[in-house]
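Under our numbering, the residues of the sequence shown are numbered 731 to 1033, in order.
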Amino acid sequence: MLLLAGALLTPLAVAEDSEAAGAAETRSDLRAQVLLDRARFSPGEIDGVAGSNQAGALAAFQRARGLTASGELDEATWAELEKEPAPTLVEHVLTAADVAGPFVEIPESMQDKAKLDALAYGDVLEALGERFHAAPALLRELNSGVDFAAGATIRVPNVRGDEQLPKAAKVVVDESDGALMLYAEDDSLIAWFPATTGSEHDPLPIGDWKIRGVAHDPVFHYDPSLFHGAGPDEEKARIAPGPNNPVGSVWIDLSKEHYGIHGTPEPSAISKSESNGCIRLTNWDVRRVATAVAAGTAVVLQD
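Next up, the structure:
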């Protein structure tokens, strides 16, 4: 199996600022998104722009901290977010492995995708975006004029990377909240992630289920009979692994046949688009979920 995202698991080469400097930084939406991500209340793709995923993460964070769940950045929320001082941005020196690829132009149709040996990243900015949970456009803006080549020093969001989460006793996916939550045995909230949870034609299968297993770098077996809107001439296809695979870099199989929790090649669309009934997260968030669950973990899908 190809480990195209393997570089994401290596330690970040960063220059950490002091705690005092982190606490004294100018408060902004970018800073809030980084601190939420570090606190395991994911804003989805970090882009520095206030939006629905940031508001959802803030409201969940506020509820968990006993604050008014407004989804807005007030003084009490900033005080909670900054209890663990950290700089918003850190420096990363690009290595040869960071920029080596392979990079692939991803076609639109499933039949054309099936011709590829790997659904790898499209370019270095997409690869770095996944590594640092950031929109490629934000990385370009933060590093205006920088050539993204080995040896260059770039500024990136100060995320924790692919951390190991505590084991979850239960996964809850809430359709109205547009989120997936992990709970411990004592019912305390471990983490909150924005999620795409279905569509009018393929609604979320409400009920109690279990996880059957976790597959990293999965092959996707496309069956047009299972997809509303598939063309009449489309055929079954085997789509190779990679971060741009239709189910991303992780598939968490559910006891409901044909349903799972998985990643996506389009992190900016999480909670803003529809799915075919499955639960879709960013690739980095589903990798975090995968560290907390195993075969037999309870899953509650609710509206």
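Backbone N, C-alpha and C define an ideal beta-carbon position, used for all residues, glycine too.
Nothing here was measured: the structure is a model prediction, and the numbers come from that model.
In the DSSP assignment, Pro866 falls outside any beta strand (DSSP E) and lies within the alpha helix (DSSP H) extending over Pro866 to Leu872. Nearest C-alpha to Glu964 among Lys843, Val977 and Gly1026: Lys843. Listed in chain order, the non-local C-beta contacts of Ala794 below 7 Å within the same chain comprise Leu919, local neighbours out to five positions each way being set aside. Of Phe791, Glu802 and Gly796, the smallest CA-CA separation from Gly781 is found for Glu802.
Taken atom to atom, the span from the alpha-carbon of Gly908 to that of Pro924 is near 6 Å.
Bounds of the beta strand (DSSP E) holding Ala967 are Ala967 to Ile969. Judged by their CB atoms, Trp939 and Val1029 are nearer to each other than the 8 Å cut-off. Between Leu872 and Leu819, the C-beta spacing is below 8 Å. The three-state secondary structure of Ala794, taken from DSSP, is helix. Counting C-beta pairs closer than 8 Å gives three or more between the stretch 859-876 and the stretch 885-893, which meets the contact rule. In this model, Ala827 and Leu858 are separated by some 11 Å (Cα to Cα). Gly943 carries a strand assignment under DSSP once its states are collapsed to helix, strand and coil.
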